[in-house]
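K.L.:
Okay, here's the structure, questions in a sec.
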Amino acid sequence: MHLPRFRLSVAADLCVETVSVLSDTTNFAVLELFTERRDLMSLPVIEMGRPIGLISRNIFMSQMSKPFYHELYGKKSCIAFMDKEPLIVDANMSIEALTFRAVESGEKALADGFIVTRDGTLAGVGFGLQLMNVVANMQAEKNRQIMHSIDYASVIQRSLLRPSNLALSDTLDDAHLEWQPRNVVGGDFYHFARYEDGWFAAIADCTGHGVPGAFMTLISSSTLSQALQQLGPRDPARLIAEVNRGVKGMLGQVEGHGHTESNDGMDAAFLWFDHAARQLRFAGAKLALFQLDPEQQAVQTVDGERMGVGYTDTPLDYQWTNKTIAIPEGSLLFLTTDGLIDQIGGARDIAYGKRRMRDVLLAKRTECARHVAQAMLDDYQAWQGAQPRRDDLTFFCLRP
Numbered sequence: 390m391h392l393p394r395f396r397l398s399v400a401a402d403l404c405v406e407t408v409s410v411l412s413d414t415t416n417f418a419v420l421e422l423f424t425e426r427r428d429l430m431s432l433p434v435i436e437m438g439r440p441i442g443l444i445s446r447n448i449f450m451s452q453m454s455k456p457f458y459h460e461l462y463g464k465k466s467c468i469a470f471m472d473k474e475p476l477i478v479d480a481n482m483s484i485e486a487l488t489f490r491a492v493e494s495g496e497k498a499l500a501d502g503f504i505v506t507r508d509g510t511l512a513g514v515g516f517g518l519q520l521m522n523v524v525a526n527m528q529a530e531k532n533r534q535i536m537h538s539i540d541y542a543s544v545i546q547r548s549l550l551r552p553s554n555l556a557l558s559d560t561l562d563d564a565h566l567e568w569q570p571r572n573v574v575g576g577d578f579y580h581f582a583r584y585e586d587g588w589f590a591a592i593a594d595c596t597g598h599g600v601p602g603a604f605m606t607l608i609s610s611s612t613l614s615q616a617l618q619q620l621g622p623r624d625p626a627r628l629i630a631e632v633n634r635g636v637k638g639m640l641g642q643v644e645g646h647g648h649t650e651s652n653d654g655m656d657a658a659f660l661w662f663d664h665a666a667r668q669l670r671f672a673g674a675k676l677a678l679f680q681l682d683p684e685q686q687a688v689q690t691v692d693g694e695r696m697g698v699g700y701t702d703t704p705l706d707y708q709w710t711n712k713t714i715a716i717p718e719g720s721l722l723f724l725t726t727d728g729l730i731d732q733i734g735g736a737r738d739i740a741y742g743k744r745r746m747r748d749v750l751l752a753k754r755t756e757c758a759r760h761v762a763q764a765m766l767d768d769y770q771a772w773q774g775a776q777p778r779r780d781d782l783t784f785f786c787l788r789p
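Just so you know, we're using my numbering here: the sequence shown kicks off at 390 and counts up by one.
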């Protein structure tokens, strides 16, 4: 969609005409439509002329690719896979009000878009990325408005991370997660969720800093949330693969789908910890896990794979692998994005590096995770000195 340069004021300005399907349309028919229309990311479902739901292309195609789903659901109504509570707004709603509604409705409005109506009937659809772009352009008219926008984006970004902070504090007694964007908003994000039999954790370093990086975190974190809903938390490698497909699809970075102006993605580490077995399942995309067992005198490195997530040169069907690790009581685990390791500083203006990071872990091995994390942060800041911050800083230190 090509947006005009003048100030947009109502939802109708973001409305894109689209095809729709009736509520009794079969899933086979929806599958055929998505196959023919690769540009179709969201499909409204209507009943008596009024929209009742929205089918996400990514979720639908993922579900229908599962074994036996063609046979089980192909001839059934498409309402089986639709979002029954999409964001539906009137065409005359202001952009400001729409922005608040989109934030209140959560990540799905940003990932899957929203339905626009006139007098209750379908007018078209709008998309979260265009909405965010419009908001940014509106605020860019003056420097004061730019800073207001960035500050508000920071509020949004931190609010999306808050559920993970609460889940982490409720689950692990001895853990610390450090998140410092280089600018007001950043390109790193994390996710933590508690389950009956264990917990899932992820940290990721998305392309870019500041506002561009924050856009990427919204895309990537919403894709991860969808993948967790579909697949569950216990197979990190499969989750990374699903996020890879989602990010590539949303950014059009799929081979054979025409030229793309972006080459964006993320480095990531996903963890699943099984309480009963005291086993950790780890999958990494250019990020590693560092482990220090109580009886060991050295930090063990569990390397991730050297393939990033979402980039144009990452195959759509690339499969990451899980590494299962026994975690004795008292073990110390450490994850970090490259903002820690790559920071320039010291007497010779060189990178902080993994060796110095391991030295801090060894020196503080008997202390609680929070003290280890604080020692790491103090050493990092002393190393940085007067040098500018190079990147967002995110690391996760814990004793499961």
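Built from N, CA and C at the ideal position, the CB exists for glycine as well.
Since this is a predicted model, take the numbers as computed values, not measurements.
#1: Give the straight-line distance between the Cα atoms of ASP682 and PHE723, rounded to the nearest whole angstrom.
#2: Write down the C-beta distance between VAL405 and ALA525 rounded to the nearest angstrom, noting that I regard them as a contact closer than 8 angstroms.
#3: Counting only runs of 4+ residues fully inside the segment 518-583, write out the alpha helix (DSSP H) ranges in chain order.
#4: VAL632 bridges to which residues according to DSSP?
#5: Assess contact between the segment 711-727 and the segment 661-672, defined as three or more Cβ pairs (one per stretch) separated by less than 8 angstroms. Is contact present?
#6: Starting from GLN776 and walking both ways along the beta strand (DSSP E), at which residues does that stretch end?
#7: Within 8 angstroms: the Cβ of GLN708 and any heavy atom of the ligand ATP?
#8: Can you tell me the Cβ-Cβ gap for GLY502 and PHE489, rounded? I've got them flagged as a contact below 8 angstroms.
#9: Are VAL574 and SER543 closer than 9 angstroms when you measure CB to CB?
#10: Tell me whether PHE516 sits in a helix, a strand or coil according to DSSP, three-state version.
#11: Nearest to ALA469 by CA position, among VAL478, ALA480 and MET453, is which residue?
#12: Is the beta carbon of THR506 sitting closer than 9 angstroms to the one on ARG583?
#13: Whose C-beta lies closer than 6 angstroms to the C-beta of ALA549 among residues of the same chain, with five residues either side of it excluded?
#14: Going along the chain, which unbroken runs of the beta strand (DSSP E) with 3 or more residues stay wholly within the segment 638-687?
#15: From the DSSP output, which residues share a beta bridge with ASP472?
#16: In terms of residues, what are the limits of the beta strand (DSSP E) holding PRO704?
#17: Just reading off the beta strand (DSSP E) that GLY587 is part of, what are its end residues?
#18: Note down the Cα distance separating ALA616 from GLN708, rounded to an integer number of angstroms.
#19: Tell me whether the segment 636-644 and the segment 565-573 touch, counting them as touching only if at least three CB pairs, one residue from each stretch, are closer than 8 angstroms.
#20: By the three-class DSSP mapping on this structure, what secondary structure does ASP625 have?
#21: Helix, strand or coil for SER609? Go by DSSP, reduced to three states.
#22: Report buried or exposed for PHE659, applying the criterion of at least 16 other Cβ atoms within 10 angstroms of its Cβ.
#23: Roughly how many angstroms separate the alpha carbons of GLN770 and PRO789, rounded to a whole number?
#24: Do you know whose CA, among HIS459, LYS465, LEU443 and ASN447, lies nearest GLU474's CA?
#25: Between which two residues does the beta strand (DSSP E) carrying PHE503 extend?
#26: Helix or strand or just coil, what does DSSP make of PRO601?
#27: When DSSP labels each residue in this structure, what does VAL408 get in the three-state scheme?
#28: Given a threshold of 16 other Cβ atoms within 10 Å of its Cβ, counted over all protein chains shown, does VAL761 qualify as buried or as exposed?
#29: Can you tell which of LEU403, SER412, GLY576 and ALA591 has the C-alpha that lies nearest to the C-alpha of ARG623?
#30: How about ASP653 and TYR700: do their beta carbons lie closer than 9 angstroms?
#31: Counting along the chain, where does the beta strand (DSSP E) carrying ASP479 start and finish?
#32: Pick helix, strand or coil for ALA418, following the three-state DSSP scheme.
#33: Can you tell which of LEU678, GLY693 and GLN685 has its C-alpha closest to the C-alpha of MET746?
#34: Candidates ALA491, ILE484, GLY635 and MET450: which alpha carbon is nearest VAL387's?
#35: Is the beta carbon of MET527 less than 9 angstroms from the beta carbon of ILE477?
#36: For VAL632 and THR612, which I take to be in contact (beta-carbon distance under 8 angstroms), what is that distance rounded to the nearest angstrom?
P.N.:
Let me spell this out:
#1: 12 angstroms
#2: Actually they do not touch by this definition, with Cβ atoms about 19 angstroms apart.
#3: 532-560
#4: According to DSSP, which records beta bridges pairwise, VAL632 is partnered with nothing at all.
#5: yes
#6: Neither: GLN776 is in no beta strand (DSSP E) and is coded neither H nor E.
#7: You won't find the ligand ATP in this model; it holds no ligand whatsoever.
#8: That belief does not hold up - the Cβ atoms of GLY502 and PHE489 are roughly 17 angstroms apart, past 8 angstroms.
#9: yes
#10: coil
#11: MET453
#12: no
#13: The sequence as given places Leu at residue 549; Ala does not occur at that position. Closer than 6 angstroms at the Cβ level, and outside the excluded window around LEU549, lies no residue.
#14: 655-663, 668-674 and 678-681
#15: LEU443
#16: That residue, PRO704, is in no beta strand (DSSP E); it is neither H nor E in DSSP.
#17: 587-595
#18: 15 angstroms
#19: no
#20: A small fix is needed here, since residue 625 is Pro in this sequence, not Asp. In this structure, PRO625 counts as helix in the three-state DSSP scheme.
#21: helix
#22: buried
#23: 27 angstroms
#24: LEU443
#25: 503-507
#26: helix
#27: coil
#28: buried
#29: ALA591
#30: yes
#31: 477-479
#32: helix
#33: LEU678
#34: With the chain running from 390 to 789 in the structure shown, residue 387 is simply not present.
#35: no
#36: 5 angstroms
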